[in-house]
Amino acid sequence: MKIEVLCATMHQKDLSKYKDMNIQTDAVFANQANKQDYVEEEINGNLVKMVTTPYRGVGKNRNFAILHLSGDILMFADDDMVYKEGYVKGVSEAYKDIQDADMIIFKCVTDSTRATPEIRGIHRVRLWNFMRYGTVGFTIKRESLLKANLSFTHLFGGGARYCGGEDNLFLRDALKKGLKVYSHPYIIAKVDSEESTWFEGFNKKYFFDNGAWLKTAFPVMKYLLAWYFVFKFSNKSNLKPLEILKLQYDGIRAFDKGLSYDDWESGKQLKHGE
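Each number in this note's numbering comes from the position in the sequence shown (counting from 1) with 740 added on.
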């Protein structure tokens, strides 16, 4: 059972991230820069690849990593992770113990103010509790990923039209296609995610984009769940509750029209003759 790390990164000039992240297996670095390139090197007996493209968007980047995979168990990663010594054994044993698992979400720790989900015990992940998990804990069997034809959306996430949410949509698609997903308390890495590439606070764009995400993730319950986010985040934002609600509704409508937040705001200004 060969384990492989698929890492999304940017502006790398060499393979030094392999050592910085304490990776102990094969790895693919999907590197967004201003050129196209491919390098391959053996490090400590492991095959390390880096595919560099000039495109933007974390979903596209992760999909480039998927296109170059070769492992049996795939571990999705960001470049601000440092893997635990011996994670290969921990991950391998988890898949041997949970033989029907297509996908296992492992625990990561952080000293950042943006906490990672607490995982206590081994539990099934379902469509009613999948939103709390992020990509850095995702692992999946290659055969399960290929048979379900899973990929990351190009519309959501850092560098895309709408900020964030690409990890939730990937997980939702896996569950809807019948994959058996488990959460596991084994710690695989420490994450330093203090500086997000897209999160700028609970501002107008955040809630607008969240509306677009709700339209995609919960097309039937989108309006009801918009209220949930009003109650959950109104005390963390300078926006009034009804303004938060309206922004999400605008995002829902804008998604149908293929409009970003900036497009929507520009259209409003033109409509009012500004």
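C-beta: ideal position from N, C-alpha, C; glycine also.
**Study point:** Where the beta strand (DSSP E) containing Ile783 begins and where it ends
**Key:** Where Ile783 is concerned, the enclosing beta strand (DSSP E) stretches over 777-783.
Exercise for review: Pair every Cβ in the segment 863-880 with every Cβ in the segment 807-821, then say whether three or more of these pairs are closer than 8 angstroms.
Suggested key: Short answer: they touch.
**Study point:** Where Lys881 sits in the DSSP three-state scheme
**Key:** Strand at Lys881.
Review point. Tell me, which residues are paired with Asp766 by DSSP?
Key: Beta-bridge pairing links Asp766 to Glu744.
Review point. Any chance the segment 911-918 sits against the segment 819-837, with 3 or more Cβ pairs inside 8 angstroms?
Key: Because the criterion of three Cβ pairs below 8 angstroms is not met, the segment 911-918 and the segment 819-837 do not touch.
Practice item. Would you kindly work out how many angstroms separate the C-alpha atoms of Asp842 and Arg912, rounded to a whole number? Key: If you take the alpha carbons of Asp842 and Arg912, they lie about 14 angstroms apart.
Exercise for review: Report yes if the CB atom of Thr765 is closer than 8 angstroms to the CB atom of Val828, and no otherwise.
Suggested key: Going by C-beta atoms, Thr765 is nearer than 8 angstroms to Val828.
**Study point:** 7 angstroms CB neighbourhood of Glu1014 in its chain, flanking five on each side removed
**Key:** With a pLDDT of only 48 at Glu1014, under the threshold of 50, the placement of this residue in the model should not be trusted; the figure read from the coordinates follows. Within the same chain, Glu1014 has no close Cβ partners at all.
Exercise for review: Starting from Arg864, follow its DSSP beta bridges and name the residues at the other end.
Suggested key: Per the DSSP secondary-structure output, Arg864 pairs in a beta bridge with Tyr922.
Check your understanding: Hey, is the segment 834-849 in contact with the segment 767-775, meaning 3+ C-beta pairs nearer than 8 angstroms?
Key -> The answer is no - the segment 767-775 does not touch the segment 834-849, with fewer than three Cβ pairs under 8 angstroms.
Check your understanding: Looking only at C-alpha atoms, which of Ala767, Ile838, Phe995 sits nearest to Asn784?
Key -> Between Asn784 and the set Ala767, Ile838, Phe995, the nearest pair of CA atoms involves Ala767.
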